[in-house]
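By the count of the working numbering, the sequence shown reaches residue 385 at its end, each step adding exactly one.
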Amino acid sequence: MRWAWVFLAVVAGALIGARLLQDPGYVLVRAGSWVFESSIAAGVIAALGIALVVFTLGAGLRYLMTSLGMYGRWRSGRQHTKSHDLWQRVIKDAGAGNWPAAAGKLAAAPIPPERQLEALLIRARGLWQQEDDKELAALLANARTDSPELLNDLILAIAGWQLSNGRARSALAHLSQIPEADRSSSRWAGLYAWGCIELTQWDSLRRHWPALEKSSVLKDDAFRAQMPLLRAGKAMADSEIGDNVKDGWRTGLKNLPKTWRSDANTLGLWAGLLMKSGLDETAFELLDHALSKDWQPTLLRQFGRLSQPAVVGRAIEAANSWLKNRADDAELLLALGRLLNTNKQQEQARQYLLRAVQVLGLTAGESPNPQELEGLILTELGRSGIVQ
């Protein structure tokens, strides 16, 4: 094919040359006081001659540099610079959260061996952001064939994104693809426990907990943000809960390390797990006990989310009793307003919620996040019918 193109070029050149010989024309080049004038044919020949000389000099210089080892170093340095610039642009897009653009920049670029995992993760994150499950599965399949040593890290990353997005069932399905022999890492153990909690698989979590402790998940900074949830899940799994068991939650509380028994975030998440499992009465007992020990806004907000009719009445009575000594507590007024709304007592709820707005205006400096609290109160007023 290449020789066909050369033949066509020679034929075209001959035809054009013959035409120029019949009508040579002329070309005039002026640069300052320097003037060059010739026929078109002579000009073309001169240009070709100059190009040939430049090409010959360049090839000779490259041969000389190659002989001295300079060309290889220059080319390697240039490739390194181009690769560095590319990764800088990729990182900039990734830092801005534009993962598809970052993945696109890598599509046509050579990836050095030491950055294969980074490239895979960026491409996977781009597909994840686009919710392209089909292409994500194809990427996993290709990695299984082309880069099996990187497959586990890729699966763990995808499972982590899915758990963060509430897709626990898909995350556990991906985690199950990792061979048994490779499941000793803290990342796998922590993600699996997280998935069990999200899916309320308490028996599985209880059986898995020794492996979680053995792999030092509880000391891994990668799971620092999930630590209260993991502790709450363990307490839930340890609780003796059933129709004939009274105060079974105390077993879970007793099994918590002492430093976590008073952690409001952990206890609040535990109460939320109890409610998710339809155990509002147990959640009420846990929150009532925890608030008697440590008055925390996090616990009050969970208290206001109790919803079962048999429990809401008791919760309203408890909140009213607390209000006698805490009349200026906006969080308590919000919790009471929520409970009254749930109990279809909208008029009384509006009174307490409007009072919460007034109290918040006077004590906004005492709240860690007054804007968030104000938004919650206004949302609850909307439920009462006063804010549309």
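All C-beta atoms, glycine included, are put in the ideal place defined by N, C-alpha and C.
Could you give the DSSP three-state label for residue i: helix, strand or coil?
{"i": "Glu128", "result": "coil"}
{"i": "Asn149", "result": "helix"}
{"i": "Ala219", "result": "helix"}
{"i": "Ser274", "result": "coil"}
{"i": "Ile175", "result": "coil"}
{"i": "Pro207", "result": "helix"}
{"i": "Leu253", "result": "coil"}
{"i": "Gln305", "result": "coil"}
{"i": "Pro97", "result": "helix"}
{"i": "Lys324", "result": "Looking at the sequence provided, one finds Ala at residue 324 rather than Lys. In this structure, Ala324 counts as coil in the three-state DSSP scheme."}
{"i": "Lys341", "result": "coil"}
{"i": "Ile238", "result": "coil"}
{"i": "Asp90", "result": "helix"}
{"i": "Asp387", "result": "Residue 387 falls outside the range modelled here, since the chain spans only -2 to 385, and no answer is possible."}
{"i": "Leu196", "result": "coil"}
{"i": "Gly372", "result": "helix"}
{"i": "Trp292", "result": "coil"}
{"i": "Arg164", "result": "coil"}
{"i": "Ile108", "result": "coil"}
{"i": "Ser212", "result": "coil"}
{"i": "Asn262", "result": "helix"}
{"i": "Gly230", "result": "helix"}
{"i": "Asn139", "result": "helix"}
{"i": "Ser183", "result": "helix"}
{"i": "Gly379", "result": "helix"}
{"i": "Asn366", "result": "coil"}
{"i": "Asp244", "result": "coil"}
{"i": "Ser144", "result": "coil"}
{"i": "Trp71", "result": "Unreliable placement is indicated for Trp71, whose pLDDT of 46 sits below 50; the coordinate value is still reported in the next sentence. Of the three classes helix, strand and coil, the one that applies to Trp71 here is helix, per DSSP."}
Could you tell me if residue i is buried or exposed, where buried requires 16 or more neighbouring beta carbons within 10 angstroms of its beta carbon?
{"i": "Pro294", "result": "buried"}
{"i": "Pro306", "result": "exposed"}
{"i": "Gly187", "result": "buried"}
{"i": "Ser289", "result": "exposed"}
{"i": "Leu359", "result": "exposed"}
{"i": "Asp200", "result": "exposed"}
{"i": "Gly265", "result": "buried"}
{"i": "Ile54", "result": "Looking at the sequence itself, residue 54 is Leu, so the reference to Ile does not match. By the 10 Å Cβ count, Leu54 comes out exposed."}
{"i": "Gly94", "result": "exposed"}
{"i": "Asp235", "result": "buried"}
{"i": "Ser381", "result": "buried"}
{"i": "Ile374", "result": "buried"}
{"i": "Ala178", "result": "exposed"}
{"i": "Gln198", "result": "buried"}
{"i": "Ala135", "result": "exposed"}
{"i": "Gly123", "result": "buried"}
{"i": "Asp291", "result": "exposed"}
{"i": "Arg204", "result": "exposed"}
{"i": "Trp71", "result": "Unreliable placement is indicated for Trp71, whose pLDDT of 46 sits below 50; no coordinate value is reported for it."}
{"i": "Asp260", "result": "buried"}
{"i": "Ala268", "result": "buried"}
{"i": "Ala138", "result": "exposed"}
{"i": "Gly372", "result": "exposed"}
{"i": "Val384", "result": "At Val384 the pLDDT is 48, less than 50, meaning the model places this residue with poor confidence and gives no usable figure here."}
How many whole angstroms separate the CB atoms of residue i and residue j, which I take to be in contact at a CB cut-off of 8 Å?
{"i": "Phe281", "j": "Ala312", "result": "6 Å"}
{"i": "Ile155", "j": "Ala121", "result": "6 Å"}
{"i": "Ala104", "j": "Ala91", "result": "At roughly 15 Å, the Cβ-Cβ gap does not stay under 8 Å, so Ala104 and Ala91 are not in contact."}
{"i": "Asn338", "j": "Glu377", "result": "6 Å"}
{"i": "Leu284", "j": "Phe300", "result": "5 Å"}
{"i": "Leu370", "j": "Ala327", "result": "6 Å"}
{"i": "Leu329", "j": "Arg335", "result": "Not a contact, Cβ separation roughly 11 Å."}
{"i": "Thr279", "j": "Leu270", "result": "10 Å between Cβ atoms; not a contact."}
{"i": "Asp150", "j": "Leu114", "result": "6 Å"}
Does the distance from the C-beta atom of residue i to that of residue j stay below 8 Å?
{"i": "Pro225", "j": "Asn262", "result": "yes"}
{"i": "Ala148", "j": "Ala140", "result": "According to the sequence shown, residue 148 is Leu rather than Ala. Going by C-beta atoms, Leu148 is nearer than 8 Å to Ala140."}
{"i": "Leu160", "j": "Glu128", "result": "no"}
{"i": "Tyr189", "j": "Leu172", "result": "yes"}
{"i": "Ala229", "j": "Gly192", "result": "no"}
{"i": "Arg184", "j": "Ala222", "result": "no"}
{"i": "Trp158", "j": "Trp206", "result": "no"}
{"i": "Arg112", "j": "Lys102", "result": "no"}
{"i": "Leu117", "j": "Ser144", "result": "yes"}
{"i": "Ala287", "j": "Leu296", "result": "yes"}
{"i": "Leu351", "j": "Pro367", "result": "no"}
{"i": "Asn340", "j": "Val309", "result": "yes"}
{"i": "Ser181", "j": "Ser212", "result": "yes"}
Residue i: beta carbon under 7 Å from a heavy atom of the ligand GTP?
{"i": "Asp291", "result": "You won't find the ligand GTP in this model; it holds no ligand whatsoever."}
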